[in-house]
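This note's numbering applies: residue 10 is where the sequence shown begins, and numbers increase by one.
Just so you know, even glycine gets a beta-carbon here, dropped at the ideal spot from N, CA and C.
Just so it is clear, the structure is predicted and the values come from calculations on it, not from any experiment.
Heads up, the thing below is written out as structure tokens.
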Amino acid sequence: MITLGKTERRARMLRTKPWTPYLYLAPVSLLMLFVFGYPLIAIFDFSTRRIRGASGPFIGLENYRQIFKDEVFQQAILHNAQLLLAVPILVIVGIVLAVLLYERVAGWRIYRTILFAPFIIAIPVIGIVFSNMLSLNGAVNELLRAVGLDFLALDWLGSAQMALWSVMAIIIWHEMGFGVVLFLARLLSLNEEIQEAARIDGAGWWQRLWYVTIPQLKDVTEFYAVVSVITMLAWVFPFVYVMTRGGPGNATQVMELYIFNFAFRNSLPGIASAVAVILFLITLALMIPLFQLRARTEMEGIE
Numbered sequence: 010m011i012t013l014g015k016t017e018r019r020a021r022m023l024r025t026k027p028w029t030p031y032l033y034l035a036p037v038s039l040l041m042l043f044v045f046g047y048p049l050i051a052i053f054d055f056s057t058r059r060i061r062g063a064s065g066p067f068i069g070l071e072n073y074r075q076i077f078k079d080e081v082f083q084q085a086i087l088h089n090a091q092l093l094l095a096v097p098i099l100v101i102v103g104i105v106l107a108v109l110l111y112e113r114v115a116g117w118r119i120y121r122t123i124l125f126a127p128f129i130i131a132i133p134v135i136g137i138v139f140s141n142m143l144s145l146n147g148a149v150n151e152l153l154r155a156v157g158l159d160f161l162a163l164d165w166l167g168s169a170q171m172a173l174w175s176v177m178a179i180i181i182w183h184e185m186g187f188g189v190v191l192f193l194a195r196l197l198s199l200n201e202e203i204q205e206a207a208r209i210d211g212a213g214w215w216q217r218l219w220y221v222t223i224p225q226l227k228d229v230t231e232f233y234a235v236v237s238v239i240t241m242l243a244w245v246f247p248f249v250y251v252m253t254r255g256g257p258g259n260a261t262q263v264m265e266l267y268i269f270n271f272a273f274r275n276s277l278p279g280i281a282s283a284v285a286v287i288l289f290l291i292t293l294a295l296m297i298p299l300f301q302l303r304a305r306t307e308m309e310g311i312e
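Laid out in structure tokens, this is it:
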């Protein structure tokens, strides 16, 4: 009884302390602050220094001035912006394919596996395979010649006009399966009675998609859009590095590759850090409206 009384008093004391939840969160919060906060602060600090070796003198915004005067950097920003055009393609096509699979197309499980398979293939492998397929004498051009479209045959990754769009197409092919699986998982969790009621009321396939299905996919759509935006800004480096190295010329130069070149090839970590800060701020600026939209959606769901 005495032990039980002590336990109850201790539990009561813990419940009355408003800082108790923060006490439990403190160890993990400190660890997260160290793991993520310290590198971020260090990058901001490096971006204001002329670093040679481990440290260097403070030069303020000089690194940023040099960057914005560099035409290669301007091209890199433009190319990342162009890659963002892939986001609506990924979302729209992903939804349509997921709905088609949800409607139980014959052999839909096989199609689901085929669509998701590229997402689990290592990017260097994808880069090597497509570099060969899209070369002047690769499989794509051989197919074009076989059907009488010789005039379309070209070195897809070696053409300044087509290289970036070819890389974008490969990224879409790689990322599409992830979106399809996300949308399909959400569809499988929905109440089919709503779809059946719309079908009985005479709604066609496109009407059901637009007025019934898409509104129910809003939360997943927002999440996938956020992931896709981050991909096009900060996760395209392996595709570009393996397939084009930013070429031909600077036709596929992106900010990640620009950072890599200055950090490891030119040994100018100060400039590389400044570009990393700019990339972080651009990504954050694009993420804030998406997160606000997602928060508003969650509040509407609660209400």
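{"Query": "Alpha-carbon to alpha-carbon, Arg-59 and Ile-280", "Result": "8 angstroms"}
{"Query": "Meets three-Cβ-pair contact criterion under 8 angstroms: the segment 102-112 and the segment 180-191", "Result": "yes"}
{"Query": "Gly-211 burial status per 10 Å Cβ neighbour count (16 or more: buried)", "Result": "exposed"}
{"Query": "As assigned by DSSP and simplified to three states, the class of Arg-305", "Result": "helix"}
{"Query": "For Ser-64, the three-state DSSP class (helix, strand or coil)", "Result": "strand"}
{"Query": "Endpoints, the alpha helix (DSSP H) within which Asn-150 is located", "Result": "148-155"}
{"Query": "Alpha carbon of Phe-273 to alpha carbon of Leu-288, nearest angstrom", "Result": "18 angstroms"}
{"Query": "Beta carbon of Ser-64 nearer than 7 angstroms to that of Val-286", "Result": "no"}
{"Query": "Candidates Pro-278, Val-284 and Thr-261, of which the one nearest Gln-91 by Cα", "Result": "Thr-261"}
{"Query": "Length of the line joining the Cα atoms of Leu-152 and Arg-118", "Result": "29 angstroms"}
{"Query": "Inter-residue spacing [alpha-carbon to alpha-carbon] between Met-171 and Leu-266", "Result": "19 angstroms"}
{"Query": "Three CB pairs or more closer than 8 angstroms across the segment 233-253 and the segment 199-206", "Result": "no"}
{"Query": "Residue environment, Val-37, which counts as buried when at least 16 other CB atoms sit within 10 Å", "Result": "exposed"}
{"Query": "Stretch pair the segment 224-242 + the segment 138-154: three plus CB contacts closer than 8 angstroms", "Result": "no"}
{"Query": "Anticipated Cβ contact below 8 angstroms, Ala-283 with Tyr-47, distance rounded", "Result": "Wrong, their Cβ atoms sit about 18 angstroms apart, outside the cutoff."}
{"Query": "Cβ-based neighbour list, Phe-271, same chain, cut-off 8 angstroms, excluding 5 preceding and 5 following", "Result": "Leu-277, Pro-278, Ile-280, Ala-281 and Val-284"}
{"Query": "Beta carbon of Asn-89 nearer than 7 angstroms to that of Val-263", "Result": "yes"}
{"Query": "Continuous alpha helix (DSSP H) assignments of at least 4 residues falling wholly in the segment 70-156", "Result": "71-78, 80-92, 95-111, 117-125, 132-142 and 148-155"}
{"Query": "Val-229 versus Val-235: straight-line alpha-carbon distance, rounded", "Result": "10 angstroms"}
{"Query": "Simplified DSSP assignment, three categories, for Arg-254", "Result": "coil"}
{"Query": "Inter-residue CB distance, Leu-143 and Leu-173 (contact presumed, cutoff 8 angstroms)", "Result": "Incorrect: roughly 13 angstroms between the Cβ atoms, too far for contact."}
{"Query": "Best match in Leu-49, Ile-86 and Val-81 for proximity to Val-245 [C-alpha to C-alpha]", "Result": "Ile-86"}
{"Query": "Pick from Leu-299, Ala-294 and Leu-290 that is closest to Ile-52, judged by C-alpha positions", "Result": "Leu-290"}
{"Query": "First through last residue of the alpha helix (DSSP H) which encompasses Val-37", "Result": "29-41"}
{"Query": "Where Arg-195 falls, given that 16 or more other Cβ within 10 Å makes a residue buried", "Result": "buried"}
{"Query": "Span separating the alpha-carbon of Gln-75 from that of Phe-82", "Result": "10 angstroms"}
{"Query": "Length of the line joining the Cα atoms of Leu-49 and Leu-40", "Result": "14 angstroms"}
{"Query": "Cβ shell of Leu-299 (< 8 angstroms), same chain only, five flanking positions each side left out", "Result": "Glu-231, Ala-234, Val-235 and Val-238"}
{"Query": "Short Cβ contact (7 angstroms threshold) for Gln-84 with Asn-259", "Result": "yes"}
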